[in-house]
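Peer 1:
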Amino acid sequence: VVVLGIESSCDETGAGLVRDGRLLGHAVASSMDEHARFGGVVPEIAARAHVHALRPVVGRALDEAGLRMTDIGAVAVTAGPGLAGALQVGLAGAKGLAYGLGVPLYGVHHLAGHVAADTLAHGPLPDPCVVLIVSGGHTSLLLVRDLARDPVVHLGDTRDDAAGECFDKVARVFGLPYPGGPAIDRAARDGDPRAVAFPRPLTGPRDDPYAFSFSGLKTAAARWAESYGGRPLPVADGAASLQEAVADVLTRKAVAACLAYGVDTLVVVGGVAANSRVRSLCEERCADAGILLRVPPLRLCTDNGAMIAAVGDLLVRAGAAPAPLDLTVGPSAPLELALLQPRGWTG
Ligand code: ATP
Ligand code: MG
Ligand code: FE
């Protein structure tokens, strides 16, 4: 069946269509520009933007796939985690479509979507694989078996900020435009990654090998900026050095996890997987360690509906039970199962 995926957990409204692991079409609208002057996502603005964008985005995805609404055989929707109001818009739309078309509805975990994004580019995930999720709100190392059936094992998570959050906050301190991650990536092109000796948090011999911490790095970057006391900041050097520190820690721990668990495939997903240095350092170190690296193409790294459709497609083919129409959102649902069907959740 053709699965429609709907994503609305943050500031991107996404719709995607997937059948048997193949992406047929997708479209994304973003309210990013409306948040820029506030320096971060404003939940009410995001929710309202989803209301306006949802139907047109579904239409564009259908057009790209050359399909009609009545070709949809199942609807998958991000049920959490994310902004409650934003999630509710996508869920309400998904329920309406599923009920109107008389097709099953599946509530999907947003992070399982980020993981499944890679299957659209590179085929089914090997069982097991190590997955590094690095996004705006999460940084985790996971051991993934069958995404549609088995609970994922968290090898380690961030103890404070996510890697993307670190990029976004430091970019503000450096006076770079919103959103910060891509701005740091661009600025770093002209910088020296060895210019500033930023710390490599939690990489000591006694530290948890798979846990992350990025708030200290954020503070170190702020201190470095302050040390210029108003004189012009060599932003390119700061950005390159910060990016190097983040990429170094992420890849070191991900490769170590693969070797320790005897897993030959590393999958790197989420918005920060779009970072050029994270990608290149992962390539170098995986090649050295004999690990197969999988990273989705850029447009599937950041939030989109195709990745949610990909999870829905896996769930349909695994024979998962559809959600009841009183499915509610789980704004802070932890990643355990890809199928996220909270009822009466207060999250
Ligand atoms: P989550 O998935 O954890 O709920 P989110 O959906 O907001 O959070 P994503 O859309 O996966 O996050 O990713 C957005 C994050 O990715 C932002 O923090 C953004 O700065 C970062 N990002 C995007 N492109 C790049 C890049 N080239 N370099 C570094 N960071 C990037
Ligand atoms: Mg976003
Ligand atoms: Fe995301």
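Going by the UniProt record's numbering, the final residue of the sequence shown carries number 352, and the count climbs one at a time with no gaps. By construction, the Cβ of each residue, glycine as well, lies at the ideal position given by its N, Cα and C atoms.
(1) The ligand FE and Asp308: does any heavy atom of the ligand fall closer than 7 Å to the residue's C-beta?
(2) What is the residue span of the beta strand (DSSP E) that His114 lies within?
(3) List the DSSP bridge partners of Thr18.
(4) Taking 7 Å as the cut-off, is the CB of residue 3 close to at least one heavy atom of the ligand FE?
(5) How would you call Gly275, buried or exposed, if buried means at least 16 neighbouring beta carbons within 10 angstroms?
(6) For Glu49, does the count of other Cβ atoms within 10 angstroms reach 16, so buried, or fall short, so exposed?
(7) Is Cys263 near the ligand MG - that is, is its Cβ less than 7 Å away from at least one heavy atom of it?
(8) Between Val120, Pro198, Thr256 and Gly209, which has its C-alpha nearest Val249's C-alpha?
(9) Please work out which residues of its chain come closer than 7 Å, Cβ to Cβ, to Gly98, disregarding the five sequence neighbours upstream and downstream, and give them in chain order.
(10) I want to know whether the region 253 to 266 touches the region 283 to 291 - three or more CB-CB distances under 8 Å.
(11) Val33 and Gly169: beta carbons closer than 8 Å?
(12) So, for Val251: in the same chain, excluding its five sequence neighbours on each side, which residues have a beta-carbon less than 6 Å away from its beta-carbon?
(13) Among Pro327, Ala20 and Ala51, which has the Cα closest to the Cα of Gln93?
(14) Examine the Cβ distances between the region 232 to 246 and the region 212 to 223 and report whether three or more of them are shorter than 8 Å.
(15) Can you tell me where the beta strand (DSSP E) holding Ser145 begins and where it ends?
(16) Based on the DSSP secondary-structure assignment, which residues constitute the bridge partners of Leu344?
(17) Using 8 Å as the Cβ pair cut-off and three pairs as the minimum, do the region 99 to 113 and the region 132 to 145 touch?
(18) Is His115 near the ligand FE - that is, is its Cβ less than 7 Å away from at least one heavy atom of it?
(19) Just tell me which of Val272, Leu255, Gly335 and Tyr183 has its CA closest to the CA of Arg42.
(20) What do you reckon, are the CB atoms on Ala117 and Ala66 nearer than 8 Å?
(21) Quick check on DSSP: helix, strand or coil for Ala314?
(22) Just to confirm before moving on: does the CB-CB distance between Asp308 and Glu39 stay below 8 Å?
(23) Near Phe203, what residues of its chain come up, given a Cβ to Cβ distance below 8 Å and the 5 sequence neighbours on each side ignored?
(24) Do you know whose CA, among Ala294, Gly235, Ala314 and Ala279, lies nearest Leu29's CA?
(25) Straight-line CA distance for Val316 to Gly324?
(26) What residue ranges within the region 255 to 298 form continuous alpha helix (DSSP H) runs of no fewer than 4 residues, ordered along the chain?
(27) Less than 8 Å separating the beta-carbons of Cys134 and Thr270?
(28) Under three-state DSSP, which class holds Phe172?
(29) Nearest-angstrom Cα distance between Phe172 and Gly186?
(30) State yes or no: is the C-beta of Ser220 nearer than 7 Å to some heavy atom of the ligand FE?
(31) Would you grab the beta carbon distance between Val80 and Leu146 for me? Rounded to a whole angstrom, and I think it's under 8 Å.
(32) Taking Cβ to Cβ, would you say Val7 is nearer than 8 Å to Leu72?
(33) Is the beta carbon of residue 354 sitting closer than 8 Å to the one on Ala122?
(34) Shorter than 7 Å, the distance from the beta carbon of Phe217 to the closest heavy atom of the ligand ATP, or not?
(35) Following a CB-centred definition, is Ser145 positioned closer than 7 Å to any heavy atom of the ligand FE?
(36) Classify Ala343: buried if its beta carbon has 16 or more other beta carbons within 10 angstroms, exposed otherwise.
Peer 2: Quick look at the numbers:
(1) Checking every heavy atom of the ligand FE against the Cβ of Asp308, one is found closer than 7 Å.
(2) In the DSSP annotation of this structure, the continuous segment of the beta strand (DSSP E) that includes His114 starts and ends at Leu110 to His114.
(3) The secondary-structure analysis by DSSP pairs Thr18 across a beta bridge with Ala34.
(4) Nothing in the structure corresponds to residue 3, since the chain is present only between 6 and 352.
(5) By the neighbour-count criterion, in which a residue is buried when 16 or more other Cβ atoms sit within 10 angstroms of its Cβ, Gly275 is buried.
(6) Here Glu49 is exposed: its Cβ has fewer than 16 other Cβ atoms, across all protein chains shown, within 10 Å.
(7) Result no, Cβ not under 7 Å from the ligand MG.
(8) Reading the sequence as shown, one finds Glu at residue 249 and not Val. When Val120, Pro198, Thr256 and Gly209 are compared, the shortest CA-CA separation from Glu249 is found for Pro198.
(9) Around Gly98: Ile11 and Leu59.
(10) A contact between stretches requires three or more CB pairs, one per stretch, nearer than 8 Å, and the region 253 to 266 meets this requirement with the region 283 to 291.
(11) For Val33 and Gly169, no; Cβs fall outside 8 Å.
(12) Only residues of its own chain outside the window of five on either side were considered, and among them Ala168 have a CB closer than 6 Å to the CB of Val251, listed in chain order.
(13) Gln93 has its Cα closest to that of Ala51, out of Pro327, Ala20 and Ala51.
(14) Contact fails: fewer than three Cβ-Cβ distances are below 8 Å.
(15) Unbroken beta strand (DSSP E) run through Ser145: Thr144 to Val149.
(16) The partner list for Leu344 (beta bridge, DSSP) reads Val113.
(17) The region 99 to 113 vs the region 132 to 145: no contact.
(18) It does: the Cβ of His115 is within 7 Å (strictly closer) of some heavy atom of the ligand FE.
(19) It is Tyr183 whose Cα lies nearest to the Cα of Arg42.
(20) No; because the gap between Cβ atoms is not below 8 Å, this pair is not in contact.
(21) Residue state, collapsed to three classes: helix.
(22) No, they are not a contact pair.
(23) Within the same chain, Phe203 has close Cβ partners Leu222, Ala225, Ala226, Trp229, Ser246, Leu247, Glu249 and Ala250.
(24) It is Ala314.
(25) Val316 and Gly324: Cα-Cα distance of roughly 12 Å.
(26) Segments of the alpha helix (DSSP H) lying fully in the region 255 to 298: 281 to 294.
(27) Their beta carbons are under 8 Å apart, which means Cys134 touches Thr270 by this criterion.
(28) Three-state DSSP puts Phe172 in a helix.
(29) When rounded, the distance between both Cα atoms is 5 Å.
(30) Checking the Cβ of Ser220 against the ligand FE gives no.
(31) That pair is no contact at about 31 Å.
(32) Yes, the Cβ-Cβ distance between Val7 and Leu72 is below 8 Å.
(33) An answer regarding residue 354 cannot be provided, because it is not within the stretch 6 to 352 covered by the chain.
(34) Not under cutoff, so the answer is no.
(35) The answer is no for Ser145.
(36) By the neighbour-count rule (16 or more Cβ atoms within 10 Å), Ala343 is buried.
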